[in-house]
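Numbering of the sequence shown is given in this note's numbering, commencing with residue 28 and proceeding in unit increments.
A short worksheet on the structure shown next.
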Amino acid sequence: MRKSSPMHDSPPEYIISALEDGLRVLALVGQTPALKIPQLAAQAGMTKSKVYRILQTLAHLGYVRLDDDHAAHLGSAALILGQQAQEQHSLTQTARPVLDDLARHTGENIHLVVREGQHSLVIDVRTSPHPVRMFARVGRIGPLHAGGSSKVLLAYAPDKVLADLLRTPLERFTSSTITDPAVLERELHKIRVDGVHVAISDLEEETFSIAAPIFDFQGQVVASLSVAGPLMRLNEEKQRQYLEGVRAASKQLSMKLGMTPDKYDRKPDGHVASRSLHHR
Numbered sequence: 028m029r030k031s032s033p034m035h036d037s038p039p040e041y042i043i044s045a046l047e048d049g050l051r052v053l054a055l056v057g058q059t060p061a062l063k064i065p066q067l068a069a070q071a072g073m074t075k076s077k078v079y080r081i082l083q084t085l086a087h088l089g090y091v092r093l094d095d096d097h098a099a100h101l102g103s104a105a106l107i108l109g110q111q112a113q114e115q116h117s118l119t120q121t122a123r124p125v126l127d128d129l130a131r132h133t134g135e136n137i138h139l140v141v142r143e144g145q146h147s148l149v150i151d152v153r154t155s156p157h158p159v160r161m162f163a164r165v166g167r168i169g170p171l172h173a174g175g176s177s178k179v180l181l182a183y184a185p186d187k188v189l190a191d192l193l194r195t196p197l198e199r200f201t202s203s204t205i206t207d208p209a210v211l212e213r214e215l216h217k218i219r220v221d222g223v224h225v226a227i228s229d230l231e232e233e234t235f236s237i238a239a240p241i242f243d244f245q246g247q248v249v250a251s252l253s254v255a256g257p258l259m260r261l262n263e264e265k266q267r268q269y270l271e272g273v274r275a276a277s278k279q280l281s282m283k284l285g286m287t288p289d290k291y292d293r294k295p296d297g298h299v300a301s302r303s304l305h306h307r
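As structure tokens, this is what we get:
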């Protein structure tokens, strides 16, 4: 069975199956470098011969590079396309100075994340200068029910997104991952009340992520912004600073996108945002 992907739904009559298969393989290569044909075939739900032909085509066009062991990596054409996509993404352009400033003040990873269907997608990153830091890269796809940025996006997503997510059991990534739907719904409500979220080791062990939503001029959440790093560097004082920093940065970016201060300080249900921050 094919893995689900965060692609947008399109009328079936307009989908070119061969192109769809090629892009699925390309996406898998981007998500997990150095996969070989048997692994790609298993994850894509295709035959090995079909994956081989797709890889040869992608390699011919420069989107994939095959090493001596026939392991697949993204090629130069994919790199150029990714850079062009990021440059054309107005949100990343608008967010650039905000991310830079937050990175300077915290010294930790800064992630700008959007929702793509039932997944989260990292669209911009500032990497910590510390030798011990979290792994992060633009294009990384994650679950919605674990991780600071992801859960913030899920908290403000349409009800149908959560309903669809709960149709199947929630995957456990660590001992702290919430897999009980009722517990998850309570946490999502709390995120909407607090306007910020602290996630501790629920996606990766011994890590933290402090995230807040980014609103557009209509008051819709279009992204989330987070500070993330190893748990060993997070103490009570730094957590307080990061909470303040993330909230200020998310408000600044929301203002840049047209959100007014009076709307920012009110939740979609009309309640004024809580000024006291409670977290796990």
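Even glycine gets a Cβ: it sits at the ideal position worked out from N, Cα and C.
Quick caveat: nothing in here was measured; it's all calculated off a predicted structure.
I'd like to confirm the pairing. Which residues does DSSP put opposite residue i in its beta bridges?
i: Ser281; result: None; Ser281 has no bridge partner.
i: Val78; result: None, per the DSSP bridge assignment.
i: Ala209; result: DSSP lists no partner for Ala209.
i: Ile168; result: Leu148
i: Glu143; result: His146
i: His138; result: Val152, Ser253
i: His224; result: Ala238
i: Leu46; result: Answer by DSSP bridge pairing: none, since Leu46 is not bridged.
i: Leu53; result: None, per the DSSP bridge assignment.
i: Leu62; result: Ala99
Going by CA-CA distance only, name the one from the options that's closest to residue i.
i: Arg12; options: Asp151, Arg51, Leu171; result: Within the shown structure, residues of the chain are numbered from 28 to 307, placing residue 12 beyond reach of any answer.
i: Asp229; options: Val56, Met286, Met73, Glu214; result: Glu214
i: Ser236; options: Met286, Ala104, His97, Phe162; result: Phe162
i: Leu310; options: His138, Arg167, His100, His132; result: With the chain covering only 28 through 307, there is no way to say anything about residue 310.
i: Gly89; options: Gln145, Leu261, Gly102; result: Gly102
i: Asn136; options: Phe200, Arg219, Val254, Leu82; result: Val254
i: Ala276; options: Ala239, Gly256, Pro257; result: Ala239
i: Asp221; options: Lys178, Ala112, Thr201; result: Lys178
i: Leu284; options: Val248, Tyr41, Gln111; result: Val248
i: Ile241; options: Thr206, Gly144, Thr121; result: Thr121
i: Gly246; options: Pro288, Thr206, Arg267, Glu263; result: Pro288
i: Leu46; options: Pro65, Asp243, Leu85, Lys63; result: Leu85
i: Pro65; options: Ile43, Arg267, Ile42, Asp96; result: Asp96
i: Glu143; options: Leu171, Glu263, Gly272, Arg131; result: Leu171
i: Met286; options: Gln266, Asp243, His216; result: Asp243
i: Leu93; options: Gln110, Ala112, Leu62; result: Leu62
i: His146; options: Gln266, Glu198, Asn262; result: Glu198
Do the CB positions of residue i and residue j come within less than 7 Å of each other?
i: Leu148; j: Val141; result: yes
i: Leu192; j: Ser251; result: no
i: Val223; j: Arg274; result: yes
i: Thr154; j: Tyr269; result: no
i: Pro60; j: His100; result: yes
i: Gly166; j: Gly57; result: yes
i: Thr50; j: Leu67; result: What sits at residue 50 in the sequence shown is Leu, not Thr. Taking 7 Å as the Cβ cut-off, Leu50 and Leu67 do not qualify as a contacting pair.
i: Val52; j: Ala71; result: yes
i: Leu258; j: Glu231; result: no
i: Ala182; j: Ile218; result: yes
i: Ala173; j: Thr195; result: no
i: Gly175; j: Ala226; result: yes
### Task
Could you tell me whether the stretch 119 to 131 touches the stretch 270 to 285, using the rule of 3 or more Cβ pairs below 8 Å?
yes
Given 8 Å, three or more beta-carbon pairs between the stretch 180 to 190 and the stretch 60 to 78
no
Note down, one range per segment and in chain order, each alpha helix (DSSP H) of at least 4 residues found wholly within the stretch 241 to 284. 263 to 283
- Item | Segments of 3+ residues assigned as beta strand (DSSP E) that fall wholly inside the stretch 76 to 112 | 91 to 93, 99 to 101
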